[in-house]
């Protein structure tokens, strides 16, 4: 049965064949009429001319007939395709019905395999394929402390980091941050928010895109400037559309001034909504 | 020739279906058949005939295949599909009722109205 339909699929013409068949049909028509007119006493030339006249506007007819033929063939192709699909589906369902146990196992294996592949790809996509949302992400490295026993962890004592920072000869810049939930007060609003306290040239290192103004500089860090940069998500969820630049707010009771808002997609270390500049005393530099 | 009538819109399809219900034929055969059976009263432009044929082929009312004429010319032979036959029956019925109604109205005698 399958062979039967496939055989007929060969019958569907390509554009070129359609045109040729159409020409053949018109030619036959004119020839047949000419054949009939000649015995009535017309010269072959006059008969042919008369046959053409009776056919009508040849150009327009060609154009319209060709267009309608194309439409018909397209529909036919679609129908054959739909038939094929339906047949394959029926076959598949019949086989599932014939061996339900085997089918269930096969489907389960497929499901698990697709699930695994998808989650694997999600990880690979995020970790390897999608670049970090900073300029020159390939230049960024994460530093970790390694103990004498060989354990590594992303923690560093302030003193150690100061050593790394001052004696470093390979890296252009370095910074540390620490993320905590803190009490943030803006006007009448008081809320708990994730705040990253950053030390050193944090913004010079990761260079996030800013919505407004600027990130703070290493210099400000050293000068103990009491300033914060808000994340895009933080301002959008709490104060959409409001100009927050220059606003004073408190972080754990300490007065701070907003000097910038990071752009969407700019870094949010552990989803921290604000970056607070740490006092230089803590930074130790 | 001078007395031939222009075809009313929509009647060509019906006439073609009727012709094909007698015997499958090619486009020229159809043109001839129509001329012969209307005593030359009904004449359609040949190109209109083909447009109607192709249109009905698209709607699945007729189907076509290549064949050879008596004098050995390759021609496309059209024949009715079951759907085409059904369409012919219902359209013929409609046409009869329509023609009767129009005739009846035209036959109304002035003064009786």
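Residue numbers (this note's numbering), protein chains in the order written: chain A, 2 to 286; chain B, 1365 to 1477.
Glycine residues also receive a C-beta, built at the ideal position from the N, C-alpha and C atoms.
None of the values given here were measured: they were computed from a predicted structure.
Coarse secondary structure for residue i, derived from DSSP in three states
i, result
"residue 286 of chain A", "With a pLDDT of only 25 at residue 286 of chain A, under the threshold of 50, the placement of this residue in the model should not be trusted, and no figure is reported."
"residue 43 of chain A", "coil"
"residue 280 of chain A", "Residue placement at residue 280 of chain A is flagged as unreliable, the pLDDT there being 34, under the threshold of 50; the coordinate-derived value follows with that caveat. In the structure shown, residue 280 of chain A sits in coil (DSSP, three-state: anything other than H, G, I, E or B)."
"residue 1434 of chain B", "coil"
"residue 1471 of chain B", "coil"
"residue 240 of chain A", "coil"
"residue 261 of chain A", "strand"
"residue 155 of chain A", "coil"
"residue 198 of chain A", "strand"
"residue 303 of chain A", "Outside the modelled stretch of chain A, which goes from 2 to 286, sits residue 303 of chain A, for which no answer is possible."
"residue 273 of chain A", "Because the pLDDT at residue 273 of chain A is just 38, under 50, the model does not fix this residue reliably, and the value given afterwards should be weighed accordingly. In the structure shown, residue 273 of chain A sits in coil (DSSP, three-state: anything other than H, G, I, E or B)."
"residue 232 of chain A", "coil"
"residue 1428 of chain B", "strand"
Residue-chain proximity (residue i, chain A), Cβ-Cβ < 9 Å
i, result
"residue 1401 of chain B", "no"
"residue 1397 of chain B", "no"
"residue 1375 of chain B", "no"
CB contact check: residue i to chain B, cutoff 9 Å
i, result
"residue 25 of chain A", "yes"
"residue 55 of chain A", "yes"
"residue 50 of chain A", "no"
"residue 18 of chain A", "no"
"residue 126 of chain A", "no"
"residue 36 of chain A", "yes"
"residue 21 of chain A", "no"
Contact set between residue i and chain A, taken where Cβ atoms lie within less than 7 Å
i, result
"residue 1404 of chain B", "Within chain A, no residue comes near residue 1404 of chain B; the closest Cβ sits about 13 Å away, beyond 7 Å."
Chain B residues whose Cβ lies nearer than 7 Å to that of residue i
i, result
"residue 32 of chain A", "1437"
"residue 84 of chain A", "Near residue 84 of chain A there are no residues of chain B at all, since even the closest Cβ is about 15 Å away, more than 7 Å."
"residue 72 of chain A", "1422"
Contact set between residue i and chain B, taken where Cβ atoms lie within less than 9 Å
i, result
"residue 29 of chain A", "1390, 1391, 1392, 1433, 1437, 1438, 1439 and 1440"
Within chain B, the residues that residue i reaches when beta carbons sit closer than 8 Å
i, result
"residue 46 of chain A", "What residue 46 of chain A touches in chain B: nothing, since even the nearest Cβ is about 19 Å away."
"residue 76 of chain A", "1422"
* To do: Name, going along the chain, the residues of the stretch 1435-1464 of chain B whose beta-carbon falls closer than 7 Å to a beta-carbon of chain A.
  => Against chain A - using a Cβ distance shorter than 7 Å - the residues of the stretch 1435-1464 of chain B are 1435, 1437, 1438, 1439 and 1440.
Next item on the list: Would you list, in chain order, the members of the stretch 1406-1428 of chain B that have their beta-carbon closer than 8 Å to a beta-carbon of chain A?
Entry: Going along the stretch 1406-1428 of chain B in chain order, one finds 1409, 1410, 1411, 1412, 1414, 1415, 1418, 1419, 1421 and 1422 with a Cβ nearer than 8 Å to chain A.
| Contained alpha helix (DSSP H) runs [length at least 4] in the stretch 51-138 of chain A, N- to C-terminal order | Within the stretch 51-138 of chain A, the complete alpha helix (DSSP H) runs of at least 4 residues are 59-99 and 101-125.
Residues of the stretch 56-70 of chain A whose Cβ lies closer than 8 Å to any Cβ of chain B, in chain order
Listed in sequence order: 56, 57, 58, 59, 61, 62, 65, 66, 69 and 70.
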